[in-house]
Amino acid sequence: LFAGPVDFVKGVVAMSGLPEPDRLEVCFAGRSNVGKSSLINALTGRKNLARASNTPGRTQEINYFALGEMNRFLVDLPGYGYAEAPKPIVAKWQALLKSYLAGRQTLRRAFVLIDTRHGVKAVDEEIMDLLDRSAVTFQVVMTKMDKVSTAERDANIEQVKAALAKHPAAYPELVVTSSEKGDGIETLRTIIATLV
Ligand code: GTP
Ligand code: MG
Numbered sequence: 357l358f359a360g361p362v363d364f365v366k367g368v369v370a371m372s373g374l375p376e377p378d379r380l381e382v383c384f385a386g387r388s389n390v391g392k393s394s395l396i397n398a399l400t401g402r403k404n405l406a407r408a409s410n411t412p413g414r415t416q417e418i419n420y421f422a423l424g425e426m427n428r429f430l431v432d433l434p435g436y437g438y439a440e441a442p443k444p445i446v447a448k449w450q451a452l453l454k455s456y457l458a459g460r461q462t463l464r465r466a467f468v469l470i471d472t473r474h475g476v477k478a479v480d481e482e483i484m485d486l487l488d489r490s491a492v493t494f495q496v497v498m499t500k501m502d503k504v505s506t507a508e509r510d511a512n513i514e515q516v517k518a519a520l521a522k523h524p525a526a527y528p529e530l531v532v533t534s535s536e537k538g539d540g541i542e543t544l545r546t547i548i549a550t551l552v
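If you read the sequence shown in my numbering, its first letter stands for residue 357, the second for the next number, and so on.
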C-alpha cells in the first residue's frame, strides 16, 4: 500500500468540501505540534508531503492524501489545544475537526497521537470522549519517542494505557513511534494496510 504513489488531494475547510466518501480513510488527530504531519511524511517516505513545523497550529485545514492506486485516504487534521493563531480562526477549525471526527462515515480508524514526553492531557480525553460517543474506533500512536529516556517512556505508556481503559472506542494496543528515527513506522504501515 505504501510502496505505490501518494498524492495530495485537497485541503478542506468545511464539511461540504470533503471528498466523495468512495473509499476507506484513516486520520491523524492530536494536540497541536504532537507530530501528525511529520508522521504522514514518515509513513509515506516523503519529506515534505504534509507541511510540518515547530509552530503549534501549522495545519489549519483537513488535508487529504490518496494512497496506493487511490484506494485509501490518509487524512492530516489540524491540531487541538493551544495553537499560535487568532482565536476566531482556531475556533473555526476546531469545530470543523469535531464535525469531521463525529460524522465521517468512511473513517475506518482515527489515530490519536500522544507525545511520549507528555502522556494523555485533558484535551486528549475530550477528543477520546467524542470518538466514544461517535463510535469511531481509535488507536493511540505515541510520538517523538526519540526525545525521552526509556524509563520516562515506560511510565508514560502506563499512564496512557490506564487512560485508554476508560474508553470503549479505544483499540487497546498502542504504537510507539519516532518519525525522526523511524521507530514504529513499519508497524503502523502494516496496521493501516490491513484495515478493511
Ligand atoms: P500542527 O499541524 O501544528 O497541529 O502540528 P503537527 O501535529 O502536525 O506536528 P508537526 O508534524 O508539524 O511536528 C511538530 C514539530 O515536532 C516539528 O518541529 C517536527 O520536526 C517535530 N517532530 C515531529 N515528530 C518528531 C519525532 O518523532 N521526533 C522528533 N525529535 N521531533 C519530531
Ligand atoms: Mg500538522
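The beta carbon of each residue, even a glycine, is placed where N, CA and C say it ideally should be.
Cβ-based burial, ASN389 [other Cβ within 10 Å; buried from 16]: To locate residue 389, count along the sequence shown from 1; it is residue 33. Answer is buried; the Cβ neighbour count reaches 16.
Rounded C-alpha distance that separates GLY609 from ALA526: The structure shown does not extend to residue 609, since the chain spans only 357 to 552, so no value can be given for it.
Whether GLU536 touches ASP502 by CB criterion (8 Å): Here residue 536 corresponds to residue number 180 of the sequence shown, with the count starting at 1. Here residue 502 corresponds to residue number 146 of the sequence shown, with the count starting at 1. Result yes, Cβ atoms of GLU536 and ASP502 sit closer than 8 Å.
For MET498 and LEU530, believed in contact at Cβ under 8 Å, the rounded distance: Numbered from 1 along the sequence shown, position 174 holds the residue referred to as residue 530. Numbered from 1 along the sequence shown, position 142 holds the residue referred to as residue 498. Contact holds; Cβ gap of about 6 Å.
CB of LEU453 within 8 Å of CB of ALA466, strictly: The residue labelled residue 453 in the question sits at position 97 within the sequence shown. The residue labelled residue 466 in the question sits at position 110 within the sequence shown. No, these two residues do not count as a Cβ contact at 8 Å.
Host beta strand (DSSP E) of ALA385 (start-end): The residue given as residue 385 occupies position 29 in the sequence shown. Segment 380-386, the beta strand (DSSP E) holding ALA385.
Sequence ranges, beta strand (DSSP E) only - wholly within the stretch 435-481, length at least 3: 463-471
Rounded C-alpha distance that separates ASN512 from GLY435: Within the sequence shown, residue 512 is the residue found at index 156, counting from 1. Within the sequence shown, residue 435 is the residue found at index 79, counting from 1. Distance between the alpha carbons of ASN512 and GLY435 is about 21 Å.
Neighbourhood of ARG379 by C-beta, 8 Å cutoff - its chain only, sequence neighbours within 5 removed: If you number the sequence shown from 1, residue 379 lands on position 23. Only MET426, ASN427, ARG428, PHE429, THR462 meet the Cβ criterion.
Same chain, Cβ closer than 7 Å to GLY475, five either side skipped, listed in chain order: Counting from one through the sequence shown, the residue named residue 475 turns up at place 119. Answer for GLY475: ASN512, GLN515, VAL516, listed in chain order.
Straight-line Cα distance separating VAL532 from VAL504: Here residue 504 corresponds to residue number 148 of the sequence shown, with the count starting at 1. Here residue 532 corresponds to residue number 176 of the sequence shown, with the count starting at 1. Spanning the two alpha carbons is a distance of roughly 12 Å.
First and last residue of the uninterrupted alpha helix (DSSP H) at GLN515: Position 159 of the sequence shown, counted from the start, is the residue given in the question as residue 515. Its alpha helix (DSSP H) spans residues 506-520.
LEU544 - partner residues in DSSP beta bridges: Locating residue 544 in the sequence shown gives position 188, where the first residue counts as 1. None; LEU544 has no bridge partner.
Same chain only: Cβ atoms within 6 Å of SER534, ignoring 5 sequence neighbours per side: Taking the first residue of the sequence shown as position 1, residue 534 is located at position 178. Hits under 6 Å: MET501, ASP502.
Boundaries (first-last residue) of the alpha helix (DSSP H) holding ALA398: For the purposes of this step, residue 398 is taken as residue 42 along the sequence shown, with counting starting at 1. That run of the alpha helix (DSSP H) goes 392-400.
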